[in-house]
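To start, the structure under review is shown below, and the notes come after it.
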Amino acid sequence: MNAPVQPGFDVERIRADFPVLAQQHRGRPLVFLDSGASAQKPRQVIQAMVRSMEERYANVHRGAYRLSEAATADYEAARAAVARFINAADPREVIFTTNSTAAINLVAHSWGRGVMQPGQAVLVSEMEHHANLVPWHMLRDDNRGIELRICRVTDAGELDLEDFEAKLADGKVGLVAVTHMSNVLGTVTPAERIVAMAHARGAKVLLDGSQAAVHRRVDMQALGADFYAFTGHKLYGPTGIGVLWARLEHQERMPPFLGGGDMIASVTLEGSTWAEPPAKFEAGTPPIVEAVGLHAAIDYVSAIGMPALEAHEHTLVDHAMRRLSDVAGLTLLGRAQDRGGVFSFALDNAHPHDLATLLDRAGIAVRAGRHCAEPLHARFGLEGGTCRASFGLYTTLGEIDYLAEALTKAREFFS
Amino acid sequence: MFDDLRDLYQEVILDHGRKPRNFRRLEDADRTARGDNPMCGDRMELFLKLRPDGAIEDVAFQGRGCAISMASASLMTETVKGKSPAEAHILGDRFRNLAMTGACPDCGASLEEEMERLQPLSGVHEFPSRVKCATLAWHTLNAALDGSGKEATSE
């Protein structure tokens, strides 16, 4: 069931690093297919965080004592590791947040309310996660004269680039905020092209990389975007830490989002001046232990190598496409040419929640519902939702076979 | 693979889930209420026709949801037809207890037959994430009886 799927990529050895995967569920091994919601954690991440708390923990950027210096060094080393991982030109472009949602909200507040002008528009797509839609609803509804435009998605589940160009054409779009990989369709969007088209019309670009950063090598200098958001917990790291990559010249123009300690240069009772980027955007005690965990997660995936991960995922995606297409009565949402290991599906005789309950009984963890993407489900006429299987680096071909077999049996159960 | 799930998905549940009874609009309804579990996408609209003494003369619903929520709403409409609001509230309280614990210590006291009819849904207590599917219809019924106009939810 768990044979290595790529030369040099030993999925069994990888699985042994993830303590939770040793769990049995009603006498069956756990088949965890919800990594798109949050990935499991390897021992290396867990141990790094334990070590941080046992040996090197204190608050950062404050104490003139050894422990605080050690914690500060670890926290800043994590920033440098993130910068290398995404090939940022400068570690100061990396702002630590609590997750992708916080990163996007930071842009919506500081850029959207602090830099954008009345009469400008934000352009998102129909396939956004609510995290990259609701903050823009809030900005639009904030009486600042900022419009919200929505780019259509094709029947195949790809960004409709004609519509995208049409919505940019009048030059009013100040910011394009689109996903780099759909959390529902698995579609990987053509980020370089999006950036080129947007920049040609004078718009800045925020990419929501929550899914993409896990599945692909993302290179800030090659992508050329203005902002990039992703989260630690989907990247085999802990919850509570996310990243906003933002160009320094943009950070200079952006007012702070949250005020407090650590983000100031000087404070009197009358007022304060802001610290330099990125500290300006990191008010309060940051997620120190989580940064250490994220650093360990980045080291972990980097040691395996993003090319090896991508190759593994390609094999899984091809296999899943074949196996799931063979399941009678199963509709797969989205048929994008370029896609990652996320599959949303509906069975013709079972509601997604009933199906998820059955799959859970078989030891298979999938997500059921609308995956924080209600408008996209409405777009495809699936208001009742779908089930979603999403893969991680520990997913095996055997697990996909088992899912396909369970889906076939579930259909028999409800017939 | 799924044989032990027949306790939850008994034939009567699957049957009511596929062919919900009283699944229609009541154009002359005296009371209506909406129920919505936004996290899972279950949604329903409940219609009540009341007799002059306040008892439920007719009840119907429309909506979408999983087999559990559709079956629960269907069985509820069959159970509360002809009942007074007080009886309907008692049934709702007992049903929520049944769905959450699988047991109903008060069930012998009265309305025994009615609770017997709802018994097939008791298996849901073993599935904490699904209890809200079974109870949405009853929350919606309460909202309709109270006439609060508030949207009901069991999430």
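Protein chains in written order, with my numbering: chain A, 274 to 688; chain B, 147 to 301. Using N, Cα and C, we set each Cβ at its ideal position, and we do this for glycine too.
**Spatial distance of A/Gly578 from A/Arg490 (CA atoms)** = A straight line joining the alpha-carbon of A/Gly578 with that of A/Arg490 spans about 9 Å.
**Asked** Quick one: is A/Gln484 buried, meaning 16 or more other Cβ sit within 10 Å of its Cβ, or exposed?
**Response** buried
**Message:** Between which residues of its own chain and A/Arg466 is the CB-CB distance below 8 Å, once the five residues before and five after are set aside?
**Reply:** Leu434
**Asked** In whole angstroms, what is the alpha-carbon distance linking B/Ile214 and B/Arg276?
**Response** 8 Å
**Request:** Round the Cβ separation of A/Leu480 and A/Tyr501 to the nearest angstrom and send it over; I've been treating them as touching at under 8 Å.
**Result:** 5 Å
**Item:** 7 Å CB neighbourhood of B/Ile236 in its chain, flanking five on each side removed
**Value:** Leu257
**Item:** Same chain, Cβ closer than 7 Å to A/Pro302, five either side skipped, listed in chain order
**Value:** Cβ within range, chain order: Gly636.
**First and last residue of the uninterrupted beta strand (DSSP E) at A/Trp547** = Ser545 to Trp547
**Request:** Measuring alpha carbon to alpha carbon, tell me which of A/Gly430, A/Leu458, A/Met389 and A/Pro463 ends up nearest A/Lys445.
**Result:** A/Met389
**Prompt:** Since A/Ala635 meets chain B, which of its residues come closer than 8 Å, beta carbon to beta carbon?
**Reply:** Met147 and Phe148
**Message:** Quick check on A/Met274 - is its C-beta less than 7 Å from some C-beta in chain B?
**Reply:** With a pLDDT of only 41 at A/Met274, under 50, the local geometry of the prediction cannot be trusted, and the value read off the model is given with reservation. Chain B contact via Cβ: absent.
**Item:** Span separating the alpha-carbon of A/Ala276 from that of A/His585
**Value:** Residue confidence is low: A/Ala276 scores 48 on pLDDT, short of 50, so the model does not pin down where it sits. No coordinate-derived value is stated.
**Asked** Using a C-beta to C-beta distance shorter than 8 Å, which residues of chain A count as neighbours of B/Leu151?
**Response** Thr630, Leu631, Arg634 and Phe686
**Prompt:** Exposed or buried, A/Ala619, counting other C-beta atoms within 10 Å across all chains shown (16 or more means buried)?
**Reply:** Its Cβ being crowded by 16 or more others within 10 Å, A/Ala619 is buried.
**Prompt:** For the alpha helix (DSSP H) that contains A/Leu676, what are its first and last residues?
**Reply:** Run containing A/Leu676: Leu670 to Phe687, per the alpha helix (DSSP H) assignment.
**Asked** Which runs of the beta strand (DSSP E) fall wholly inside the segment 328-373 of chain A and span at least 3 residues, in chain order?
**Response** 367-370
**Prompt:** Between which two residues does the alpha helix (DSSP H) carrying A/Trp409 extend?
**Reply:** Val407 to Arg413
**Item:** C-alpha gap between A/Pro551 and A/Pro364, whole angstroms
**Value:** Rounded to whole angstroms, the separation of the alpha carbons of A/Pro364 and A/Pro551 is 9 Å.
**Message:** Within 7 Å of any Cβ in chain B, is that where the Cβ of A/Arg466 sits?
**Reply:** no
**Prompt:** Since A/Lys477 sits in a beta bridge, which residues does DSSP pair it with?
**Reply:** A/Leu448
**Item:** Assigned secondary structure, A/Thr659 (DSSP; H/G/I helix, E/B strand, else coil)
**Value:** If DSSP states are grouped into helix, strand and coil, A/Thr659 belongs with the strands.
**Asked** Cα-Cα, which of A/Asn456, A/Ala498, A/His488 and A/His650 is closest to A/Met470?
**Response** A/Ala498
**Request:** Classify A/Val278 as buried or exposed, calling it buried when 16 or more other Cβ atoms lie within 10 Å of its own Cβ.
**Result:** For A/Val278, the predicted model reports a pLDDT of 49, less than 50, meaning its position is unreliable; a value from the coordinates is still stated below. Around the beta-carbon of A/Val278, 16 or more other beta-carbon atoms lie within 10 Å, marking it buried.
**Request:** Say whether chain A places a C-beta atom closer than 7 Å to the C-beta of B/Arg210.
**Result:** yes
**Asked** Who are the neighbours of B/Ala213 on chain A, taking C-beta pairs under 9 Å?
**Response** Ala623, His624, His626, Asp627 and Phe687
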